[in-house]
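Novice:
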Amino acid sequence: MKAKLSVLLLICSAAFAQQSKNPVTDVLREALNGRERNTVAAIEEMPADKLGFKPTPEQMSFGHLAAHIVEGNYFFCAKVGDVPQPKFEELQETAGKEKLVAAVKASFEFCHTALAKAEDAKLGDTIKDFVDHDRPRAWAALALAASWADHYGAAAMYLRLNGLLPPTALPKK
7 MKAKLSVLLL ICSAAFAQQS KNPVTDVLRE ALNGRERNTV AAIEEMPADK LGFKPTPEQM
67 SFGHLAAHIV EGNYFFCAKV GDVPQPKFEE LQETAGKEKL VAAVKASFEF CHTALAKAED
127 AKLGDTIKDF VDHDRPRAWA ALALAASWAD HYGAAAMYLR LNGLLPPTAL PKK
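Under our numbering, think of the first position of the sequence shown as 7, with each following residue one higher.
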């Protein structure tokens, strides 16, 4: 009985030792690759002549969505990683496909750098939101994950409304 208990304790302590000190920010970093891959592929999939497409007059155009993704990535990744937000060119929705795709890719590259510095211990720190209100850093982490999902979902819908399949609906290769 003692031997079984010792083995069980050894297994539990080994598992505990392998647990991350940053489970929340680790999950965010793990999600980044897939979110980047799918979002960039969605932006690349939309034909250049469809960047002005809006599902309804009230909604943003696909080009505006791409520019919005860039802004969101720089803002939220800087806040989560506790790094300065770099200067970047504010894009117009009419910037052109090559420029929009390059900017989306650059914003995700920044997220890799910024999120590499993110720590769960800082999630309770106070940061400023878009309108200079105090928020916990955790707000930015949750908002980043939500924005990735929301933006990809919007891009996927815009693609489908133009007769195109979004990256996650394509057959596996």
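Backbone N, C-alpha and C define an ideal beta-carbon position, used for all residues, glycine too.
1. To the nearest angstrom, report how far apart L167 and Q25 are at their CA atoms.
2. For L129, which residues of its own chain have a beta-carbon under 7 angstroms away from its beta-carbon, when the five flanking residues on both sides are left out?
3. Just the Cα atoms here: how many angstroms apart are G40 and T174?
4. Buried or exposed: which applies to P172, given that a residue is buried once 16 or more other Cβ atoms fall within 10 Å of its Cβ?
5. Do we get a CB-CB distance below 9 angstroms when we pair I49 with the residues of chain C?
6. Taking K134 as part of the beta strand (DSSP E), name the residues at either end of that continuous run.
7. Which stretch, first to last residue, makes up the beta strand (DSSP E) that contains P142?
8. Quick one: residues in its chain with C-beta nearer than 6 angstroms to the C-beta of D32, no 5 flanking neighbours on either side, listed in chain order?
9. Could you say if the segment 50-63 and the segment 75-91 meet the contact criterion of at least three C-beta pairs nearer than 8 angstroms?
10. Go ahead and pull the three-state DSSP assignment for T45.
Specialist: Result, derived from the coordinates:
1. Locating residue 167 in the sequence shown gives position 161, counting from the first residue. Locating residue 25 in the sequence shown gives position 19, counting from the first residue. Each residue's alpha carbon lies about 44 angstroms from the other.
2. Translated into positions along the sequence shown, residue 129 becomes position 123. Cβ neighbours of L129 beyond the five flanking positions: V30, P142, R143, A144, A147.
3. Stepping through the sequence shown from its first residue, residue 40 is reached at position 34. Stepping through the sequence shown from its first residue, residue 174 is reached at position 168. Approximately 10 angstroms, taken between the alpha carbons.
4. Within the sequence shown, numbered from 1, the residue matching residue 172 stands at position 166. So P172 counts as buried.
5. Here chain C cannot be found, since the structure has a single protein chain.
6. Numbered from 1 along the sequence shown, position 128 holds the residue referred to as residue 134. Looking at the DSSP string, the run of the beta strand (DSSP E) that includes K134 is 132-134.
7. One-based indexing of the sequence shown puts residue 142 at position 136. Its beta strand (DSSP E) spans residues 140-142.
8. Position 26 of the sequence shown, counted from the first residue, corresponds to residue 32. The residues are S26.
9. no
10. Reading the sequence shown from its first residue, position 39 is the one you call residue 45. Looking at T45 - three-state DSSP - the assignment turns out to be helix.
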